[in-house]
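Residue numbers (the numbering used here): 98 to 450.
Down below is the structure, laid out as structure tokens.
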């Protein structure tokens with residue numbers, strides 16, 4: 098089989114080929130288009146922002162009547178989205194970064210925006226005169242080498258609204274925090290696990306402790322169209338992270354509380370002290386800042402509980418008196434509501450009561 102050639106084509110090129118009947122977007126070996134309007138709008142927004150999209154794979158064949166015909170091996174949904182938009186088939190959804198384009202069809206964009214879309218350069222891998230068996234092999238290998246998406250990556254491809262953007266923006270804003278405190282490494286960040294945790298923390302501040310498996314998709318869907326609490330939750334999230342830094346600082350990276358389940362506990366503990374977490378029956382005071390005494394107390398409590406967990410591991414399961422439930426809640430079913438509540442109450446009472 099001949100090696101593919103790297104080339105680039107504009108949106109206008111693809112539109113002209115389609116108009117003349119020389120472009121086949123949905124050949125027999127491709128999946129049918131399944132993108133909804135939010136996903137299509139997100140793709141168009143990517144072009145408006147001049148951000149990269151994955152390469153498009155093309156087979157070029159010679160037809161006696163039509164001449165050169167191009168078939169899309171991989172990239173059907175991307176091309177379908179942008180060509181449908183250029184043809185005026187839909188208006189852009191409101192959940193995009195290019196705010197001046199929200200609610201507009203292609204004909205309603207500024208001339209510059211239309212040019213940005215028409216002249217966008219797609220990187221393409223082009224295969225000339227390749228037979229169906231080889232094309233099927235290429236397509237199969239493209240899919241075979243794709244890493245199975247985790248739940249958060251699936252959410253990222255399914256939802257495009259306010260809640261998703263809030264979680265993504267906050268997690269990206271605190272990227273150095275996740276890294277420096279060793280909460281997430283590069284591989285976890287690449288798989289969007291810090292975005293997943295950010296979503297859980299925002300949900301906890303809004304609606305209380307949740308079962309991870311049951312709650313995330315529900316909230317992403319519920320707040321996809323509108324997320325009125327966005328500004329307040331963003332403010333609170335930043336304040337809690339700042340407070341964690343002030344109370345614990347770099348010590349966090351050397352404790353058990355850098356583990357995601359226990360960081361969830363630390364975050365919700367401080368969030369409850371400052372604002373109150375729904376469903377948590379512990380006294381709190383509405384404040385934008387903890388006192389120095391409270392900061393020192395949370396610092397000491399984290400060190401003590403971290404030592405409890407380390408000793409339980411190092412000493413063949415020997416647990417300090419009164420800490421059995423906390424240790425168990427830190428080791429098993431850590432993302433369920435009950436263990437989360439036990440950990441939160443233990444840390445909160447030790448630090449503040």
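Glycine included, C-beta positions come from ideal geometry on N, C-alpha and C.
Determine the contact status of residue i and residue j, defining contact as a CB-CB distance below 9 Å.
| i | j | result |
| --- | --- | --- |
| residue 446 | residue 379 | yes |
| residue 253 | residue 245 | no |
| residue 386 | residue 431 | no |
| residue 337 | residue 302 | yes |
| residue 220 | residue 179 | no |
| residue 422 | residue 388 | no |
| residue 364 | residue 402 | no |
| residue 189 | residue 249 | no |
| residue 462 | residue 299 | Since the first residue of the chain shown is 98 and the last is 450, residue 462 is not available in this structure. |
| residue 305 | residue 418 | no |
| residue 313 | residue 343 | no |
| residue 264 | residue 295 | yes |
| residue 286 | residue 357 | no |
| residue 172 | residue 151 | yes |
| residue 226 | residue 292 | no |
Measuring alpha carbon to alpha carbon, tell me which of the options ends up nearest residue i.
| i | options | result |
| --- | --- | --- |
| residue 211 | 251, 107, 336 and 253 | 107 |
| residue 141 | 296, 182, 370 and 123 | 182 |
| residue 371 | 400, 352, 335 and 397 | 335 |
| residue 175 | 399, 417 and 133 | 133 |
| residue 382 | 368, 228, 393 and 395 | 368 |
| residue 111 | 325, 217 and 228 | 217 |
| residue 325 | 297, 279, 357 and 258 | 258 |
| residue 204 | 192, 186 and 191 | 186 |
| residue 164 | 119, 227, 322 and 319 | 119 |
| residue 102 | 224, 293, 406 and 238 | 224 |
| residue 231 | 184, 269, 138 and 154 | 154 |
| residue 117 | 162, 135 and 144 | 162 |
| residue 398 | 448, 276, 439 and 194 | 448 |
| residue 167 | 222, 138 and 144 | 222 |
What are the start and end residues of the beta strand (DSSP E) that includes residue i?
| i | result |
| --- | --- |
| residue 153 | 153–160 |
| residue 395 | Looking at the DSSP string, residue 395 is not in any beta strand (DSSP E); the run it does join, the alpha helix (DSSP H), is 389–411. |
| residue 165 | 164–171 |
| residue 214 | First-last for residue 214: 208–215, but that is the alpha helix (DSSP H), not the beta strand (DSSP E). |
So, helix, strand or coil for residue i, using DSSP?
| i | result |
| --- | --- |
| residue 201 | coil |
| residue 421 | helix |
| residue 273 | helix |
| residue 374 | coil |
| residue 265 | helix |
| residue 182 | helix |
| residue 105 | strand |
| residue 450 | coil |
| residue 220 | strand |
| residue 121 | strand |
| residue 320 | coil |
Applying the 10 Å Cβ sphere with the 16-neighbour rule, what's the burial state of residue i?
| i | result |
| --- | --- |
| residue 309 | buried |
| residue 247 | exposed |
| residue 330 | buried |
| residue 411 | exposed |
| residue 269 | exposed |
Name the two residues that bound the continuous alpha helix (DSSP H) containing residue i.
| i | result |
| --- | --- |
| residue 111 | 108–116 |
| residue 338 | 327–344 |
| residue 292 | 290–304 |
| residue 142 | 134–145 |
| residue 252 | 248–255 |
Is there at least one Cβ from chain D nearer than 9 Å to residue i's Cβ?
| i | result |
| --- | --- |
| residue 375 | Looking at the structure shown, chain D is missing, and only one protein chain is on hand. |
Is residue i near the ligand ATP, judged by its Cβ being under 8 Å from some heavy atom?
| i | result |
| --- | --- |
| residue 272 | No copy of the ligand ATP appears in this structure; indeed no ligand is present at all. |
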